[in-house]
Amino acid sequence: MGDTVKVIELVGNSTESWEDAAQNALNDADESLESLSGIEIESQTADVESGQIERYKTTVHVSFALEDR
10 MGDTVKVIEL VGNSTESWED AAQNALNDAD ESLESLSGIE IESQTADVES GQIERYKTTV
70 HVSFALEDR
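Going letter by letter, the sequence shown gives residues 10 to 78 in this note's numbering.
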């Protein structure tokens with residue numbers, strides 16, 4: 010079969026940083042998917058309260074190889 014790759018969109022969250030939010034999304038994907046091959050940062054946003062960032066959010070596209078059947 011071919012080298013088909015599937016891409017899914019995930020939103021990671023963190024109270025520390027956008028990088029940590031991206032890593033959290035990747036960690037969760039790695040627990041349930043096999044053959045992860047890449048990650049692309051799509052966007053970074055945050056929840057703000059009283060003028061302070063409370064939660065960082067990073068939207069990522071995670072790619073992984075489809076298994077041959």
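Cβ coordinates follow ideal geometry from the N, Cα and C atoms, glycine included.
All values reported here derive from a predicted model rather than from experimental measurement.
Closest by CA to Ala-31, which one among Ser-52, Glu-63, Gly-60?
Comparing Cα-Cα distances from Ala-31 to each of Ser-52, Glu-63, Gly-60, the minimum goes to Ser-52.
Nearest neighbour of Val-16, chosen from Asp-29, Ile-50, Ser-26 [CA to CA]:
Checking every option, the nearest Cα to that of Val-16 belongs to Ile-50.
Beta-carbon separation (whole angstroms), Tyr-65 vs Ala-55, contact threshold 8 Å:
Your pair Tyr-65 and Ala-55 checks out as a contact, with CB atoms roughly 5 Å apart and the cut at 8 Å.
Span separating the alpha-carbon of Glu-76 from that of Gln-61
44 Å
Would you list the residues sitting across from Ala-74 in a DSSP beta bridge?
The partner list for Ala-74 (beta bridge, DSSP) reads Val-14.
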